[in-house]
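If you count by my numbering, then the sequence shown holds residues 1092 to 1166, one letter each, in order.
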Amino acid sequence: MDKKNALRAGAVATGTTLMMLLMSSPALALTRDDGDDPGPGLNVVETLGLFVVAPIVLFAVIAGLVMVLDRSKKA
1092 MDKKNALRAG
1102 AVATGTTLMM
1112 LLMSSPALAL
1122 TRDDGDDPGP
1132 GLNVVETLGL
1142 FVVAPIVLFA
1152 VIAGLVMVLD
1162 RSKKA
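Printed below as a string of structure tokens:
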């Protein structure tokens, strides 16, 4: 009975994911809206810095603060 429930859950998850992907397609992404004023694009280094390096640094800072400010007793 467990296998049947797992297959059902997988089918529901897969179906939901596919429907969300199909319904969120950018059909009108090429048409500009009134008031659009896109700025200059990012180059590869800026993109990697913003979406890869910055989150890693932020995670490291938060983890470091948690470890330094931890007031629990050491065993």
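Cβ atoms here follow ideal geometry from the backbone N, Cα and C, with glycine treated the same way.
If you're wondering where the values come from, they're calculated on a predicted model, not measured in any experiment.
So, at 8 Å on beta carbons, what are the nonlocal neighbours of residue i in its own chain, with the 5 sequence-adjacent residues on each side left out?
i              : result
aspartate 1127 : none
So residue i is in the alpha helix (DSSP H); what residue range does that whole segment cover?
i             : result
leucine 1141  : Neither: leucine 1141 is in no alpha helix (DSSP H) and is coded neither H nor E.
arginine 1099 : 1093-1114
Measure the beta-carbon distance from residue i to residue j and round it to whole angstroms, keeping in mind my assumption that it falls under 8 Å.
i            : j            : result
leucine 1141 : leucine 1149 : About 11 Å separates the two Cβ atoms, so there is no contact after all.
Excluding sequence positions up to five away, which residues of its chain have a Cβ less than 7 Å from the Cβ of residue i?
i           : result
valine 1152 : none
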